[in-house]
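Residue numbers (the working numbering), protein chains in the order written: chain D, 10 to 308; chain Y, 1352 to 1566. Don't be surprised by glycine CBs; every beta carbon is placed ideally from N, CA and C. Quick caveat: nothing in here was measured; it's all calculated off a predicted structure. All remarks here apply to the structure that follows.
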Amino acid sequence: MKVWLAHHQEAARLALRRLTAAPLNSLLSLLAIGVALALPAGGQMLLANALHLAGTTSAVPQISIFMAANAERRAATEIESRLTRYSGVKQVQFLPREDTLARMKANPGLRDVIEALPANPFPDAFVVTAKDDRPEAMEKLAVEFRQWPKVEHVQLDSSWVRRLDALLKLGRTAVMLLGALLGAGLIAISFSIIRMQMLTHRAEIEVSQLLGATDGFIQRPFLYYGLLLGLGGGIVAWLLVGGAALWLRTPLSELVRLYDLTLVLQTLDARDSALLLGFAAGLGWLGAMISMRQHLRQG
Amino acid sequence: MIRFDRVSKRYPPGVDALSDLSFDVAEREMVVIGGHSGAGKSTLLKLIAAIEKSTGGAVLVGGQNVGGLSRSALPYLRRRIGMVFQDQKLLFDRNAFENVMLPLSIAGFPPREAAQRVRAALEKVGLANREKALPVMLSGGEQQRLAIARAVVNRPSMLLADEPTAHLDSETAADVARIFHEFHDVGVTVLIATYAGDLFPGARRLQLDHGKLVP
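Printed below as a string of structure tokens:
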């Protein structure tokens, strides 16, 4: 086992030596791979942030119930009690009209308008989360709530969530498609670079075969070369995405603030970073393996 | 140890390199294969190491028909054979030590033991003080000795050499021939394809002419 590890270490060392032997060539190859990988990785980062943003607003469809403006607190308490007992309701949040007024006053843009009003214009309200959040079930609940006494308006806010969900699904599919396409591109780049490497080291391959090297022995340094190439490209992509995230963070935060939302653009998290590096290294290795197999089969 | 049983080798488009060749080489024997250029000497050695395959007959090494070996079995045959090639086939981007280390790395020797063996092999051929030198820094005779060190570092039971004294001056050639004798003396079977058979007194001679053995 120790000997086996020592030979793998030697192959990896040799691959690293070859990679650093032509620094400019290697750098340009890593950049090409990095840029190709940065596109799906960047897409994944944006998607993760969009999901986060959706999560901080309301990803779960809810029903808003507004009481009549003249309804007394007792009526609201009665409705709250009915909602709590109702079998189709999962969660109820009561929003007293005083709290709504205070929240609106806290908004600098609205404070003057609110204070100019003679009385509190906001009704007591409830935000209801249903057990069954399918659109038809939600609609059925809304129809029923509208018939309850002192209920002025019932608003079903599932449609925008569905639109957002559809957009996120589309985004996820686009990222996967882009990832698959550019992953195939990475295999092709690795294949070509390893082919060039094999031509450069043709004499060594021939001598090794004459001295009794197995295909595995001959392939090993080239496979490590492909792996290092992919891994290096993955690191370049990670840096590009991280740099772009830093650069975009402030303008994007300012943009979403205009919509009363908060977003601090996050770069790839640990899981996505590990996936990116593993994916890149694996594809580099795969390209090298296909290239080597084809070469050795022809030889 | 080696048996050629009615072996023929024909290269496209129909050039006969060897024709109906039969002979045996016993274990620990030293054999010199003579003949003019193009007589088939190199082809004969290549058939033993399965670098080429015969087009007729069978080449047996240790009782094994090497022509029938699978691709995956070939490396293990070649590890039992030390080969000195006519063009030496040294790796010019690796130093002397690394060149000699290659067969041991291939065979999976532990690095420490391999390093000891490499130093012993380099010492045996008189290159102990040149282990860091790249082949291009070595003289023709030193390069040939380096190729011999690489061929024997694995301690093979059989040593094949293709024109090992070609392009060497007479003194260096005698020096290289002495090294082969030393390996033969310690029990290695040696086959040398050479036009300079006089350098190997005591060796059995096989003379080839247009791919056929001549008396």
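A straight line joining the alpha-carbon of Y/L1473 with that of Y/G1459 spans about 20 Å.
Unbroken alpha helix (DSSP H) runs of no fewer than 4 residues, entirely contained in the stretch 1372-1409 of chain Y, are found at 1392-1399, following chain order.
Rounded to whole angstroms, the separation of the alpha carbons of Y/N1505 and Y/A1465 is 9 Å.
For D/M10, the secondary structure class from DSSP, reduced to helix, strand or coil, is coil. At a cut-off of 8 Å between beta-carbon atoms, Y/I1457 makes contact with chain D.
If you draw a straight line from the Cα of Y/K1440 to the Cα of Y/V1527, it is about 17 Å long. Contact annotation, D/G242 with D/L195: C-beta distance approximately 7 Å; criterion of less than 8 Å satisfied. For Y/P1515, there are no C-beta contacts with chain D under 9 Å, since the nearest C-beta of that chain is about 16 Å from it. Among the residues of chain Y, those whose CB is under 9 Å from the CB of D/F226 are P1426, S1456, I1457 and G1459, following chain order. For the stretch 1363-1395 of chain Y, the set of positions with a beta-carbon nearer than 9 Å to some beta-carbon of chain D is empty.
For D/E263, not one C-beta of chain Y is nearer than 8 Å to its own C-beta. Per DSSP, the unbroken beta strand (DSSP E) holding Y/A1544 starts and ends at T1540 to A1544. With respect to the 8 Å criterion, Y/R1431 and Y/M1352 are not classified as neighbours on the basis of their beta carbons. Residue-level contact by beta carbon holds for Y/P1462 and chain D, with a gap shorter than 8 Å. Within 7 Å of the CB of D/T223, the CB atoms of chain Y belong to P1426, in sequence order along the chain. For the pair D/L191 and D/V245, the Cα-to-Cα distance works out to about 15 Å. Going by DSSP, Y/R1357 is part of no alpha helix (DSSP H) but of the beta strand (DSSP E) stretching over I1353 to Y1362. Y/R1555 carries a strand assignment under DSSP once its states are collapsed to helix, strand and coil.
Within chain Y, the residues placing a beta-carbon under 7 Å from that of D/L220 are R1429, L1453, P1454 and I1457, ordered along the chain. Pairing D/S35 with D/Q164 gives a Cβ-Cβ distance that is not under 8 Å. Contact note: D/S217 reaches chain Y through L1453 and I1457, using a C-beta cutoff of 8 Å and chain order.
Y/L1395 is positioned such that its CB atom lies closer than 8 Å to that of Y/I1384.
At least one CB of chain Y lies nearer than 8 Å to the CB of D/V12.
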